[in-house]
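Peer 1: Below is a structure I'd like to ask you about.
Residue numbers (the working numbering): 4 to 326.
Next comes the structure, spelled out in C-alpha coordinates:
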(Lines of atoms letter the chains of each structure in order from A; the text may use other names.)
(Lines give C-alpha, C1' and ligand atoms only; values in the text may rest on other atoms or scores of the structure.)
Protein backbone atom coordinates (compact mmCIF):
# COMPACT_ATOMS: atom_id res chain seq x y z
CA UNK A 4 0.00 0.00 0.00
CA UNK A 5 1.20 3.49 -0.86
CA UNK A 6 0.40 6.74 0.93
CA UNK A 7 1.09 10.01 -0.86
CA UNK A 8 1.65 13.24 1.05
CA UNK A 9 1.17 16.55 -0.77
CA UNK A 10 2.07 19.96 0.59
CA UNK A 11 0.87 23.15 -1.07
CA UNK A 12 2.87 25.27 1.35
CA UNK A 13 6.43 26.59 1.46
CA UNK A 14 9.30 24.11 1.48
CA UNK A 15 10.22 22.84 4.96
CA UNK A 16 7.63 25.08 6.55
CA UNK A 17 4.42 24.25 8.40
CA UNK A 18 2.48 22.33 5.73
CA UNK A 19 5.56 20.27 4.85
CA UNK A 20 6.31 19.42 8.48
CA UNK A 21 2.77 18.32 9.29
CA UNK A 22 2.38 16.16 6.17
CA UNK A 23 5.74 14.53 6.85
CA UNK A 24 4.71 13.79 10.43
CA UNK A 25 1.62 12.05 9.05
CA UNK A 26 3.81 10.11 6.60
CA UNK A 27 6.13 8.98 9.40
CA UNK A 28 3.09 7.42 11.10
CA UNK A 29 1.83 5.91 7.83
CA UNK A 30 5.25 4.34 7.29
CA UNK A 31 5.21 2.94 10.83
CA UNK A 32 1.79 1.42 10.01
CA UNK A 33 3.32 -0.47 7.08
CA UNK A 34 2.78 1.87 4.12
CA UNK A 35 5.23 2.89 1.44
CA UNK A 36 5.21 6.69 1.40
CA UNK A 37 5.93 9.47 -1.08
CA UNK A 38 6.10 13.21 -0.44
CA UNK A 39 5.59 16.03 -2.97
CA UNK A 40 5.87 19.75 -2.37
CA UNK A 41 4.06 21.75 -5.07
CA UNK A 42 5.21 25.29 -4.29
CA UNK A 43 7.46 25.56 -7.37
CA UNK A 44 5.29 23.40 -9.60
CA UNK A 45 3.51 25.02 -12.52
CA UNK A 46 -0.15 23.97 -12.25
CA UNK A 47 -2.20 26.26 -14.48
CA UNK A 48 -5.93 26.78 -14.25
CA UNK A 49 -8.40 24.72 -16.26
CA UNK A 50 -9.19 26.32 -19.64
CA UNK A 51 -12.46 24.42 -20.13
CA UNK A 52 -11.25 23.14 -23.51
CA UNK A 53 -12.92 19.73 -23.04
CA UNK A 54 -9.80 17.93 -24.34
CA UNK A 55 -9.83 15.38 -21.52
CA UNK A 56 -13.44 14.29 -21.97
CA UNK A 57 -13.15 14.27 -25.78
CA UNK A 58 -10.18 11.90 -25.54
CA UNK A 59 -12.13 9.72 -23.14
CA UNK A 60 -14.99 9.53 -25.64
CA UNK A 61 -12.55 8.72 -28.45
CA UNK A 62 -11.45 5.54 -26.67
CA UNK A 63 -8.21 6.60 -24.96
CA UNK A 64 -7.21 4.31 -22.08
CA UNK A 65 -5.76 7.14 -19.98
CA UNK A 66 -7.38 10.56 -19.65
CA UNK A 67 -4.91 13.42 -19.79
CA UNK A 68 -4.98 17.21 -19.93
CA UNK A 69 -3.55 18.85 -23.05
CA UNK A 70 -1.69 21.53 -21.07
CA UNK A 71 2.02 20.82 -20.77
CA UNK A 72 2.81 21.79 -17.20
CA UNK A 73 3.48 20.03 -13.90
CA UNK A 74 -0.13 18.98 -13.29
CA UNK A 75 0.63 15.55 -14.77
CA UNK A 76 3.26 14.83 -12.08
CA UNK A 77 0.69 15.27 -9.33
CA UNK A 78 -2.00 13.47 -11.29
CA UNK A 79 0.14 10.34 -11.77
CA UNK A 80 1.19 10.34 -8.12
CA UNK A 81 -2.47 10.46 -7.02
CA UNK A 82 -3.42 7.65 -9.41
CA UNK A 83 -0.64 5.43 -8.05
CA UNK A 84 -1.52 6.12 -4.40
CA UNK A 85 -3.85 4.07 -2.19
CA UNK A 86 -4.12 6.86 0.37
CA UNK A 87 -3.49 10.60 0.15
CA UNK A 88 -2.76 13.24 2.78
CA UNK A 89 -2.89 16.91 1.78
CA UNK A 90 -1.80 19.98 3.70
CA UNK A 91 -2.39 23.45 2.33
CA UNK A 92 -2.21 27.00 3.68
CA UNK A 93 -5.19 29.30 4.03
CA UNK A 94 -4.59 32.70 2.44
CA UNK A 95 -7.94 34.51 2.33
CA UNK A 96 -10.38 32.47 4.46
CA UNK A 97 -9.99 29.56 1.99
CA UNK A 98 -7.20 27.36 0.63
CA UNK A 99 -4.43 28.65 -1.64
CA UNK A 100 -5.42 28.91 -5.33
CA UNK A 101 -2.88 26.38 -6.63
CA UNK A 102 -4.83 23.64 -4.87
CA UNK A 103 -8.06 24.74 -6.56
CA UNK A 104 -6.29 24.77 -9.93
CA UNK A 105 -5.36 21.14 -9.38
CA UNK A 106 -8.86 20.12 -8.24
CA UNK A 107 -10.52 21.85 -11.21
CA UNK A 108 -8.40 19.84 -13.62
CA UNK A 109 -8.28 16.55 -11.72
CA UNK A 110 -11.90 16.24 -10.63
CA UNK A 111 -14.01 16.53 -13.78
CA UNK A 112 -11.57 14.57 -15.96
CA UNK A 113 -11.59 11.70 -13.45
CA UNK A 114 -15.29 11.76 -12.59
CA UNK A 115 -16.01 8.17 -11.61
CA UNK A 116 -19.58 8.07 -12.91
CA UNK A 117 -18.50 9.27 -16.36
CA UNK A 118 -15.62 6.80 -16.42
CA UNK A 119 -17.84 3.90 -15.32
CA UNK A 120 -20.33 4.73 -18.06
CA UNK A 121 -17.54 4.95 -20.64
CA UNK A 122 -16.26 1.52 -19.62
CA UNK A 123 -19.79 0.07 -19.87
CA UNK A 124 -20.02 1.45 -23.40
CA UNK A 125 -16.66 -0.06 -24.40
CA UNK A 126 -17.61 -3.46 -22.94
CA UNK A 127 -20.90 -3.37 -24.86
CA UNK A 128 -18.91 -2.65 -28.03
CA UNK A 129 -16.78 -5.75 -27.41
CA UNK A 130 -13.57 -3.90 -26.57
CA UNK A 131 -10.71 -5.95 -25.12
CA UNK A 132 -9.42 -5.49 -21.59
CA UNK A 133 -6.47 -3.51 -22.93
CA UNK A 134 -8.94 -1.05 -24.51
CA UNK A 135 -10.80 -0.34 -21.28
CA UNK A 136 -9.95 2.59 -19.06
CA UNK A 137 -6.97 2.48 -16.71
CA UNK A 138 -7.92 0.39 -13.65
CA UNK A 139 -6.39 3.01 -11.33
CA UNK A 140 -9.41 5.24 -11.99
CA UNK A 141 -11.67 2.83 -10.12
CA UNK A 142 -9.56 2.17 -7.04
CA UNK A 143 -11.07 3.25 -3.71
CA UNK A 144 -8.81 5.54 -1.71
CA UNK A 145 -8.74 7.08 1.74
CA UNK A 146 -7.71 10.70 2.29
CA UNK A 147 -6.86 13.06 5.14
CA UNK A 148 -6.61 16.85 5.15
CA UNK A 149 -4.60 19.45 7.06
CA UNK A 150 -5.63 23.11 6.81
CA UNK A 151 -2.85 25.48 7.89
CA UNK A 152 -3.66 29.04 8.92
CA UNK A 153 -1.91 31.79 10.82
CA UNK A 154 -5.02 33.53 12.15
CA UNK A 155 -6.04 33.22 15.78
CA UNK A 156 -9.67 33.96 14.92
CA UNK A 157 -11.11 30.82 13.38
CA UNK A 158 -13.51 32.56 10.99
CA UNK A 159 -10.45 33.76 9.05
CA UNK A 160 -9.68 30.11 8.17
CA UNK A 161 -13.21 28.73 8.21
CA UNK A 162 -13.28 27.56 4.58
CA UNK A 163 -9.92 25.79 4.78
CA UNK A 164 -11.08 22.24 5.53
CA UNK A 165 -14.31 22.49 3.51
CA UNK A 166 -12.31 23.51 0.45
CA UNK A 167 -9.87 20.63 0.91
CA UNK A 168 -12.84 18.25 0.90
CA UNK A 169 -13.53 19.27 -2.72
CA UNK A 170 -10.72 16.93 -3.74
CA UNK A 171 -12.61 13.83 -2.56
CA UNK A 172 -15.79 13.90 -4.60
CA UNK A 173 -15.21 13.14 -8.28
CA UNK A 174 -12.86 10.26 -7.52
CA UNK A 175 -15.13 8.93 -4.74
CA UNK A 176 -12.45 9.01 -2.04
CA UNK A 177 -13.39 8.68 1.63
CA UNK A 178 -11.96 11.15 4.13
CA UNK A 179 -10.91 9.69 7.50
CA UNK A 180 -9.69 12.82 9.22
CA UNK A 181 -9.17 16.57 9.39
CA UNK A 182 -6.54 18.62 11.18
CA UNK A 183 -7.47 22.29 11.53
CA UNK A 184 -4.05 23.83 12.25
CA UNK A 185 -4.93 27.49 12.68
CA UNK A 186 -3.41 30.04 15.09
CA UNK A 187 0.01 29.24 13.68
CA UNK A 188 0.97 32.91 13.94
CA UNK A 189 1.09 32.61 17.73
CA UNK A 190 2.22 28.98 17.81
CA UNK A 191 5.33 29.99 15.89
CA UNK A 192 6.03 26.50 14.56
CA UNK A 193 4.03 23.25 14.65
CA UNK A 194 6.93 21.50 16.40
CA UNK A 195 6.23 23.75 19.40
CA UNK A 196 2.77 22.12 19.68
CA UNK A 197 3.13 18.40 20.56
CA UNK A 198 -0.64 17.86 20.63
CA UNK A 199 -0.95 19.17 17.05
CA UNK A 200 1.88 16.95 15.84
CA UNK A 201 0.29 13.95 17.55
CA UNK A 202 -2.95 14.70 15.69
CA UNK A 203 -1.05 14.77 12.38
CA UNK A 204 0.51 11.42 13.23
CA UNK A 205 -2.92 9.97 14.05
CA UNK A 206 -4.15 11.18 10.67
CA UNK A 207 -1.35 9.40 8.83
CA UNK A 208 -1.93 6.23 10.84
CA UNK A 209 -5.68 6.33 10.13
CA UNK A 210 -5.18 6.72 6.38
CA UNK A 211 -2.69 3.83 6.25
CA UNK A 212 -4.79 1.48 8.40
CA UNK A 213 -7.94 2.21 6.39
CA UNK A 214 -6.47 1.18 3.04
CA UNK A 215 -8.01 -1.99 1.70
CA UNK A 216 -11.14 -1.83 3.84
CA UNK A 217 -14.56 -1.42 2.19
CA UNK A 218 -15.83 2.09 2.83
CA UNK A 219 -18.84 0.88 4.84
CA UNK A 220 -16.54 -1.05 7.19
CA UNK A 221 -14.24 1.87 7.93
CA UNK A 222 -15.21 3.93 10.97
CA UNK A 223 -11.93 5.79 11.35
CA UNK A 224 -12.14 9.50 12.08
CA UNK A 225 -9.42 11.88 13.31
CA UNK A 226 -10.42 15.42 14.29
CA UNK A 227 -13.47 17.31 15.47
CA UNK A 228 -16.83 15.67 14.87
CA UNK A 229 -18.39 18.78 13.27
CA UNK A 230 -22.08 18.79 12.34
CA UNK A 231 -22.21 16.59 9.23
CA UNK A 232 -21.66 12.86 9.96
CA UNK A 233 -19.91 12.41 6.59
CA UNK A 234 -17.47 15.30 6.12
CA UNK A 235 -17.52 16.44 9.77
CA UNK A 236 -17.47 20.11 8.78
CA UNK A 237 -19.45 22.64 10.88
CA UNK A 238 -21.24 24.29 7.93
CA UNK A 239 -24.96 24.24 7.13
CA UNK A 240 -27.05 25.78 4.34
CA UNK A 241 -30.44 27.03 5.54
CA UNK A 242 -33.64 27.80 3.64
CA UNK A 243 -35.70 29.33 6.44
CA UNK A 244 -37.07 26.01 7.68
CA UNK A 245 -35.72 23.28 9.93
CA UNK A 246 -34.63 21.35 6.82
CA UNK A 247 -30.91 22.07 6.42
CA UNK A 248 -28.24 20.88 4.04
CA UNK A 249 -24.53 20.12 4.37
CA UNK A 250 -23.14 22.26 1.51
CA UNK A 251 -20.06 20.05 1.26
CA UNK A 252 -21.75 16.63 1.03
CA UNK A 253 -25.07 17.80 -0.44
CA UNK A 254 -27.16 15.84 2.08
CA UNK A 255 -30.28 17.02 3.93
CA UNK A 256 -31.04 16.81 7.64
CA UNK A 257 -33.61 17.97 10.17
CA UNK A 258 -32.51 20.65 12.60
CA UNK A 259 -33.77 20.82 16.18
CA UNK A 260 -32.87 22.96 19.18
CA UNK A 261 -32.69 21.65 22.73
CA UNK A 262 -31.97 24.49 25.15
CA UNK A 263 -28.85 26.17 23.77
CA UNK A 264 -27.82 23.08 21.80
CA UNK A 265 -28.44 22.61 18.09
CA UNK A 266 -28.85 19.10 16.73
CA UNK A 267 -29.15 17.93 13.12
CA UNK A 268 -30.48 14.48 12.30
CA UNK A 269 -29.24 13.19 8.94
CA UNK A 270 -31.23 10.11 7.81
CA UNK A 271 -29.29 7.06 6.64
CA UNK A 272 -30.68 7.41 3.11
CA UNK A 273 -29.20 10.92 2.93
CA UNK A 274 -25.82 9.79 4.26
CA UNK A 275 -25.81 7.08 1.57
CA UNK A 276 -26.06 9.73 -1.19
CA UNK A 277 -23.21 11.98 -0.04
CA UNK A 278 -21.13 13.37 -2.88
CA UNK A 279 -18.19 10.97 -2.51
CA UNK A 280 -20.45 7.89 -2.89
CA UNK A 281 -21.34 6.25 -6.19
CA UNK A 282 -24.94 7.30 -5.61
CA UNK A 283 -23.94 10.91 -5.08
CA UNK A 284 -21.59 11.10 -8.03
CA UNK A 285 -24.20 9.51 -10.31
CA UNK A 286 -26.78 12.10 -9.22
CA UNK A 287 -24.49 14.77 -10.60
CA UNK A 288 -23.65 12.76 -13.72
CA UNK A 289 -27.34 12.28 -14.52
CA UNK A 290 -27.99 15.97 -13.84
CA UNK A 291 -25.36 16.89 -16.44
CA UNK A 292 -26.77 14.43 -18.98
CA UNK A 293 -30.26 15.90 -18.53
CA UNK A 294 -28.85 19.41 -18.94
CA UNK A 295 -27.30 18.38 -22.26
CA UNK A 296 -30.66 17.03 -23.45
CA UNK A 297 -32.24 20.43 -22.80
CA UNK A 298 -29.36 22.71 -23.81
CA UNK A 299 -28.29 21.18 -27.13
CA UNK A 300 -31.75 21.31 -28.81
CA UNK A 301 -32.11 24.91 -27.61
CA UNK A 302 -28.78 25.87 -29.19
CA UNK A 303 -29.62 24.05 -32.42
CA UNK A 304 -33.02 25.73 -32.64
CA UNK A 305 -31.40 29.16 -32.26
CA UNK A 306 -28.23 28.58 -34.32
CA UNK A 307 -29.20 31.21 -36.88
CA UNK A 308 -30.25 33.95 -34.47
CA UNK A 309 -27.67 33.53 -31.70
CA UNK A 310 -24.72 34.93 -33.75
CA UNK A 311 -26.69 38.15 -34.33
CA UNK A 312 -27.59 38.34 -30.64
CA UNK A 313 -23.90 37.92 -29.73
CA UNK A 314 -22.54 40.67 -31.99
CA UNK A 315 -22.56 43.49 -29.47
CA UNK A 316 -20.84 41.28 -26.88
CA UNK A 317 -18.12 40.09 -29.24
CA UNK A 318 -17.55 43.68 -30.40
CA UNK A 319 -17.76 45.05 -26.87
CA UNK A 320 -15.15 47.83 -27.20
CA UNK A 321 -16.71 49.09 -30.44
CA UNK A 322 -20.22 48.88 -29.02
CA UNK A 323 -19.35 50.67 -25.79
CA UNK A 324 -17.50 53.45 -27.71
CA UNK A 325 -20.58 54.15 -29.80
CA UNK A 326 -23.01 54.38 -26.87
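From the three backbone atoms N, C-alpha and C, an ideal C-beta is built for every residue, glycine too.
Using only the alpha-carbon positions, how far apart do residue 254 and residue 277 sit?
Peer 2: Within the chain shown, residue 254 is the residue found at index 251, counting from 1. Within the chain shown, residue 277 is the residue found at index 274, counting from 1. Using only the alpha carbons, I get a separation of about 6 Å.
Peer 1: To the nearest whole angstrom, what separates the beta carbons of residue 165 and residue 236, a pair I think is in contact under 8 Å?
Peer 2: For the purposes of this step, residue 165 is taken as residue 162 along the chain shown, with counting starting at 1. For the purposes of this step, residue 236 is taken as residue 233 along the chain shown, with counting starting at 1. Yes, they are in contact, since the Cβ atoms of residue 165 and residue 236 sit about 5 Å apart, within 8 Å.
Peer 1: Near residue 204, which residues of its chain fall below 8 Å by C-beta distance, leaving aside the five closest residues on each side in sequence?
Peer 2: Here residue 204 corresponds to residue number 201 of the chain shown, with the count starting at 1. Excluding positions up to five away in sequence, the list reads 24, 25, 27, 28.
Peer 1: What residue does the alpha helix (DSSP H) around residue 110 start on, and which one ends it?
Peer 2: The residue labelled residue 110 in the question sits at position 107 within the chain shown. Segment 100-112, the alpha helix (DSSP H) holding residue 110.
Peer 1: What do you get for residue 97, buried or exposed, if any count of 16 or more other CB atoms within 10 angstroms of its CB means buried?
Peer 2: For the purposes of this step, residue 97 is identified with residue 94 of the chain shown, where counting begins at 1. Its Cβ being crowded by 16 or more others within 10 Å, residue 97 is buried.
Peer 1: With a threshold of 16 other CB atoms inside 10 Å of the CB of residue 52, please say whether the residue is buried or exposed.
Peer 2: The count along the chain shown starts at 1 and reaches residue 52 at position 49. Burial call: exposed.
Peer 1: Which whole-angstrom value describes the C-beta separation of residue 174 and residue 108, a residue pair presumed to lie in contact below a C-beta threshold of 8 Å?
Peer 2: Counting from 1 along the chain shown, the entry for residue 174 is found at position 171. Counting from 1 along the chain shown, the entry for residue 108 is found at position 105. No, residue 174 and residue 108 are not in contact; Cβ-Cβ is about 13 Å, not under 8 Å.
Peer 1: From the DSSP secondary-structure annotation, give me the bridge partner or partners of residue 264.
Peer 2: Against the chain shown, residue 264 aligns to sequence position 261. Note: residue 264 sits in a beta bridge opposite 261.
Peer 1: Considering only residues of the same chain and omitting the five flanking positions on each side of residue 44, which have a CB-CB separation below 6 Å?
Peer 2: The sequence position of residue 44 within the chain shown is 41, counting from 1. Closer than 6 Å at Cβ, skipping near neighbours: 73.
Peer 1: Which two residues bound the contiguous alpha helix (DSSP H) that contains residue 295?
Peer 2: Position 292 of the chain shown, counted from the first residue, corresponds to residue 295. Start and end: 281-304.
Peer 1: So what does DSSP say about residue 248, is it helix, strand or coil?
Peer 2: Here residue 248 is taken as the residue at index 245 of the chain shown, counted from 1. DSSP places residue 248 in strand when its eight states are reduced to three.
Peer 1: Measuring alpha carbon to alpha carbon, tell me which residue in 218, 314, 141 is nearest residue 274.
Peer 2: Translated into positions along the chain shown, residue 274 becomes position 271. Answer by Cα proximity: 218.
Peer 1: Which word fits residue 195, buried or exposed, when buried means at least 16 other C-beta atoms lie within 10 angstroms of its C-beta?
Peer 2: Counting from 1 along the chain shown, the entry for residue 195 is found at position 192. Exposed, since its Cβ has fewer than 16 Cβ neighbours within 10 Å.
Peer 1: Could you tell me whether any non-hydrogen atom of the ligand NAD is closer than 7 Å to the CB of residue 160?
Peer 2: With respect to the ligand NAD, the structure shown offers nothing to examine, as it has no ligands at all.
Peer 1: Would the segment 151-169 and the segment 180-198 be scored as touching if the rule is three or more Cβ pairs under 8 Å?
Peer 2: Touching, per the Cβ criterion.
Peer 1: List the whole-angstrom C-beta distance separating residue 93 from residue 151, where the pair is believed to meet the contact cut-off of C-beta under 8 Å.
Peer 2: Translated into positions along the chain shown, residue 93 becomes position 90. Translated into positions along the chain shown, residue 151 becomes position 148. That belief holds up - the Cβ atoms of residue 93 and residue 151 are roughly 7 Å apart, short of 8 Å.
Peer 1: Checking the sheet assignment: what are the DSSP bridge partners for residue 148?
Peer 2: Reading the chain shown from its first residue, position 145 is the one you call residue 148. DSSP, once it has assigned bridges, lists 89, 181 as partnering residue 148.
Peer 1: Just to confirm my understanding: we take residue 305, look at its own chain, exclude 5 residues before and 5 after, and list those with CB closer than 6 Å. What are they?
Peer 2: By 1-based counting over the chain shown, the position of residue 305 is 302. So no residue of the chain qualifies.
Peer 1: Can you tell me whether DSSP reads residue 16 as helix, strand or coil?
Peer 2: Residue mapping note: residue 16 aligns to position 13 of the chain shown, counting from 1. Looking at residue 16 - three-state DSSP - the assignment turns out to be coil, as it is neither helix nor strand.
Peer 1: Identify whether residue 256 lies in helix, strand or coil by the three-state DSSP scheme.
Peer 2: Counting from 1 along the chain shown, the entry for residue 256 is found at position 253. Three-state DSSP puts residue 256 in a strand.
Peer 1: Does the distance from the CB of residue 226 to the CB of residue 180 come in under 8 Å?
Peer 2: Counting from 1 along the chain shown, the entry for residue 226 is found at position 223. Counting from 1 along the chain shown, the entry for residue 180 is found at position 177. The answer is yes: Cβ separation under 8 Å.
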